[in-house]
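Some notes on the structure that comes next.
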Amino acid sequence: MSIEKQMMVGEVPVSPFSRLFSMPGFDCFNIVTIGFKNEASPSAFIEGLKNTLLNHPRFSCILETGSGEHKPRWIPTNVNVKDHVVVPNIDPTIENPDQFLEDYTSNMVFSPIDVCKPLWEIHILNIKTSDAESLLVGRFHHSLGDGMSLMSLLLACSRKTSDPGALPTLVAPKKSKVTNVWWSLVSRLWFIIKLMFNTVVEVFKFLLILCSVRDNATPLMEKPIRATLTPNKFIHRVISLDDVKVVKNAMNMTVNDVILGMVQAGLSRYLSQKYDSETNPKLKKSLENICLRGVVFFNLRSNKKIEDLAKMMEKGSNSRWGNSIGYVMIPLWMKSENDIFEYIRRSKTIMDRKKLSLEPLFSYMLFKLTVEVFGYKALRTLAMRIFGRSTVVLSNVAGPTEEISLFDHQISYVAASISGFPQALIVHITSYVNKAIINLGVDLDVIPDPHHLCDHIVEALQIMKSAVEEEISGDLGV
1 MSIEKQMMVG
11 EVPVSPFSRL
21 FSMPGFDCFN
31 IVTIGFKNEA
41 SPSAFIEGLK
51 NTLLNHPRFS
61 CILETGSGEH
71 KPRWIPTNVN
81 VKDHVVVPNI
91 DPTIENPDQF
101 LEDYTSNMVF
111 SPIDVCKPLW
121 EIHILNIKTS
131 DAESLLVGRF
141 HHSLGDGMSL
151 MSLLLACSRK
161 TSDPGALPTL
171 VAPKKSKVTN
181 VWWSLVSRLW
191 FIIKLMFNTV
201 VEVFKFLLIL
211 CSVRDNATPL
221 MEKPIRATLT
231 PNKFIHRVIS
241 LDDVKVVKNA
251 MNMTVNDVIL
261 GMVQAGLSRY
271 LSQKYDSETN
281 PKLKKSLENI
291 CLRGVVFFNL
301 RSNKKIEDLA
311 KMMEKGSNSR
321 WGNSIGYVMI
331 PLWMKSENDI
341 FEYIRRSKTI
351 MDRKKLSLEP
361 LFSYMLFKLT
371 VEVFGYKALR
381 TLAMRIFGRS
391 TVVLSNVAGP
401 TEEISLFDHQ
411 ISYVAASISG
421 FPQALIVHIT
431 SYVNKAIINL
441 GVDLDVIPDP
451 HHLCDHIVEA
461 LQIMKSAVEE
471 EISGDLGV
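Numbered by the numbering used here, the letters in the sequence shown go through residues 1 to 478 in order.
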């Protein structure tokens with residue numbers, strides 16, 4: 001049966017992650033904040049959404065979760081875009097617009113959403129903040145798609161600011177050129193051997209974690225017994241991506257290596273300060289004895305051209321969409337290091353092994369097999385066991401490398417996060433042109449000072465950058 005036919009009868013398959021994110025007690029939403037360089041026009045957004053988003057099948061369907069023998073399915077419905085666009089009246093002279101944005105976003109996340117309509121809504125805020133002249137805050141149920149899907153959707157709806165008729169471009173991964181056939185065969189064979197070895201080792205570790213106890217109780221996850229961990233406060237900080245690249249180039253690493261090292265260094269500094277402030281010796285702990293883990297999401301899709309992604313806006317498109325993600329469990333290095341670059345080196349070592357393994361695909365297939373064999377209750381139990389044995393969720397999505405405009409509104413930055421996960425801390429990093437946006441979702445009952453935690457993460461990057469510049473100055477004899 002073709003995709004077009006499936007859409008007519010509502011028999012569109014629902015991925016394992018989409019099923020999980022739509023289950024009671026695990027309601028997850030993608031929270032997207034887009035800052036603009038000019039005042040927002042609600043009418044322009046309404047008209048733009050009619051011509052783009054509503055043409056995408058998933059955003060004009062209702063999710064029927066299913067019961068008994070009935071499997072979850074997407075049911076097409078008529079959509080009035082005005083029912084999904086909210087334009088609140090805001091005092092333009094408000095005293096603290098940045099704090100207002102944080103409170104508004106956090107309150108919006110937990111406001112009821114009508115399940116009889118497609119599970120998305122967009123709020124347009126004509127308020128000037130430190131980083132934008134106006135804002136769009138979107139709430140999209142995670143069953144609609146993952147972060148990479150939504151970033152692809154944003155790019156497909158946008159146009160280059162320098163050329164309003166052209167689609168944005170993404171930097172494609174560089175492919176190595178084959179110079180010697182025999183050497184190429186040897187390299188491929190060695191690649192397969194390493195892939196198989198790493199897969200066996202990493203999957204074995206993954207299964208051990210499933211059977212182990214939870215992470216150590218720390219200020220990042222402590223909460224009264226039987227209380228539920230979930231982010232209820234969302235903040236973001238815009239920093240320079242060029243600063244990240246300075247460290248990246250000096251250490252011959254990737255941007256992702258530096259970002260993961262920066263986050264771990266910031267978490268270590270935050271915990272170290274918390275423990276140093278304790279007056280009770282019993283409450284003081286050594287960071288060397290703490291075992292913490294993080295969940296890192298992987299995109300399982302092959303890279304697509306923006307032109308192909310734009311076809312998702314056309315009715316009847318058969319482009320792959322939804323939640324096509326796997327995840328891995330990584331140990332977090334919390335020890336206080338005199339050499340701050342050690343956090344980056346350890347991050348690279350761990351992530352290189354994870355990337356050269358099939359652990360992300362294994363985790364995806366594990367969810368799929370669980371729901372098909374044991375049902376939805378077993379799926380939820382497995383998910384709670386996995387995420388309940390980790391301290392933090394880590395995710396990052398690369399954005400465009402050039403200025404883009406959405407419905408004739410030039411974008412200043414794009415921030416994103418997730419609500420609904422059973423963790424007290426979610427760290428999500430997005431990039432846009434020469435900016436990196438750190439977004440923290442925290443449970444205030446556990447982490448009452450999210451701005452202080454964010455300060456430590458940003459300061460860790462500045463320390464790294466300063467150390468690089470000192471080494472360069474020393475080498476030049478300045």
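Just so you know, even glycine gets a beta-carbon here, dropped at the ideal spot from N, CA and C. Since we're looking at a predicted model, the values are computed, not measured.
Residues near residue i by beta carbon distance below 6 Å, same chain, minus five either side
i, result
"Tyr-104", "none"
"Phe-198", "Residue 198 is actually Asn in this sequence, not Phe. The answer, listed in chain order, is Arg-353, Leu-356, Ser-357."
"Pro-224", "Residue placement at Pro-224 cannot be trusted, given a pLDDT of 48 that sits under 50; what the coordinates show is reported in the next sentence. Around Pro-224: no qualifying Cβ."
Contact belief for residue i with residue j at Cβ below 8 Å, rounded distance in angstroms
i, j, result
"Gly-138", "Val-32", "4 Å"
"Phe-407", "Ala-156", "The pair is not a contact, with the Cβ atoms about 13 Å apart (cut-off 8 Å)."
"Phe-206", "Met-329", "6 Å"
"His-123", "Pro-76", "No, His-123 and Pro-76 are not in contact; Cβ-Cβ is about 25 Å, not under 8 Å."
"Met-351", "Leu-292", "Met-351 to Leu-292, Cβ: 16 Å. No contact."
Cβ neighbour criterion (16 or more within 10 Å) applied to residue i
i, result
"Lys-82", "exposed"
"Asn-280", "Model confidence at Asn-280 stands at a pLDDT of 49, short of 50, so the residue's coordinates are unreliable; what they give is reported in the following sentence. With fewer than 16 other Cβ atoms within 10 Å, it is exposed."
"Thr-93", "exposed"
"Ser-395", "buried"
"Met-108", "buried"
"Gln-462", "exposed"
"Pro-450", "buried"
"Trp-182", "exposed"
"His-452", "exposed"
"Cys-454", "buried"
"Asn-323", "buried"
"Met-464", "buried"
"Ala-132", "buried"
"Lys-377", "exposed"
"Asn-115", "The amino acid at residue 115 is misidentified as Asn; the sequence shows Val. Result: exposed."
Nonlocal neighbours in the same chain, by C-beta distance under 7 Å from residue i, ignoring five residues either side
i, result
"Ala-415", "Thr-33, His-236, Thr-430, Ile-437, Asn-439"
"Met-251", "Phe-341, Ile-344"
"His-456", "Gly-266, Arg-269, Tyr-270"
"Gly-326", "Phe-298, Leu-300, Pro-360, Leu-361, Ser-363, Tyr-364"
First and last residue of the uninterrupted beta strand (DSSP E) at residue i
i, result
"Glu-64", "61-64"
"Val-81", "Neither: Val-81 is in no beta strand (DSSP E) and is coded neither H nor E."
"Val-493", "A query on residue 493 cannot be resolved here, the shown segment of the chain reaching from 1 to 478 and no further."
"Ile-75", "73-76"
"Ile-325", "325-332"
"Ser-43", "Counting along the chain, Ser-43 falls outside any beta strand (DSSP E), though it belongs to the alpha helix (DSSP H) covering 42-51."
"Leu-292", "292-299"
"Glu-121", "120-125"
"Thr-381", "Segment 376-387 is the alpha helix (DSSP H) holding Thr-381; no beta strand (DSSP E) there."
"Gly-35", "29-36"
Opening and closing residue of the alpha helix (DSSP H) in which residue i lies
i, result
"Asn-189", "According to the sequence displayed, residue 189 carries Leu and not Asn. Here the alpha helix (DSSP H) through Leu-189 covers 181-211."
"Asn-107", "97-109"
"Lys-368", "359-373"
"Ser-347", "342-355"
"Phe-407", "First-last for Phe-407: undefined, no H or E at that position."
Other residues of its chain near residue i: CB distance less than 8 Å, five sequence neighbours each side excluded
i, result
"Phe-387", "Val-295, Val-393, Phe-421, Pro-422, Gln-423"
"Glu-402", "Lys-160, Thr-161, Ser-162, Pro-168, Thr-169, Val-433"
C-beta neighbour in chain E for residue i, strict 8 Å
i, result
"Thr-105", "In summary, chain E is missing from the structure at hand, where a single protein chain is found."
### Message
So within the region 422-474, which uninterrupted beta strand (DSSP E) runs reach at least 3 residues, ignoring any that extend past its ends?
### Response
Taken in chain order, the complete beta strand (DSSP E) segments of 3 or more residues contained in the region 422-474 are 425-432, 435-442.
### Message
Please give me, in chain order, every unbroken run of the alpha helix (DSSP H) with length at least 4 that falls completely inside the region 133-157.
### Response
147-157, all fully within the region 133-157.
### Query
Which whole runs of the alpha helix (DSSP H) in the region 231-256 are 4 residues long or more, in chain order?
Counting only runs of 4 or more, we get 241-251.
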